[in-house]
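Here the structure is laid out as structure tokens; the discussion comes afterwards.
Residue numbers (our numbering): 683 to 843.
Rendered as structure tokens:
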């Protein structure tokens, strides 16, 4: 199980690093657009396309590491007053529901990407194909599912103690 945890951690961290790069790239595109608009009078064509795709990648690829580090918002004012075993049971069910939701989301995103590839849908201004971006986001959601499996196994281990 430790090998699985190490694999999930390294995979989610790698995707988070790519998400961080996407944030920096977004900033660079926006600054470049402003500089070109002011200095040359011509903005960078397709700025909205680039920014939209990069932000979608940022969110899709950053979710798994956020989940791994428990960086999400959790309201547990009532739950923290319960016993550790009860907390673990609630965590198990909460993570199980999350796993089902994100697994279905990843599945539908894969289908959506396949449809985009078949119809050759591209970004309006830059003509960048959208399906590779959607496949990457779906992969990020799959890694989030692995994180949730890891969290469920930890919670079940706490319940059975």
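In this text, a Cβ means the ideal position worked out from N, Cα and C, and glycines have one as well. Nothing here was measured: the structure is a model prediction, and the numbers come from that model.
- Residue environment analysis places residue 758 among the exposed positions, since fewer than 16 neighbouring C-beta atoms fall within 10 angstroms of its C-beta.
- Counted as a single uninterrupted DSSP element, the alpha helix (DSSP H) harbouring residue 778 occupies residues 766-801.
- Counting other Cβ atoms within 10 Å of its Cβ, residue 819 reaches 16 or more and is therefore classed as buried.
- Of the residues 827, 837, 814 and 804, the one whose Cα lies closest to the Cα of residue 728 is 804.
- A residue is called buried once 16 or more other Cβ atoms fall within 10 Å of its Cβ, and residue 722, having fewer, is exposed.
- Exposed is the label assigned to residue 793, since fewer than 16 other Cβ atoms lie within 10 Å of its Cβ.
- Rounded to whole angstroms, the Cβ separation of residue 747 and residue 695 is 6 Å, and the two are in contact under 8 Å.
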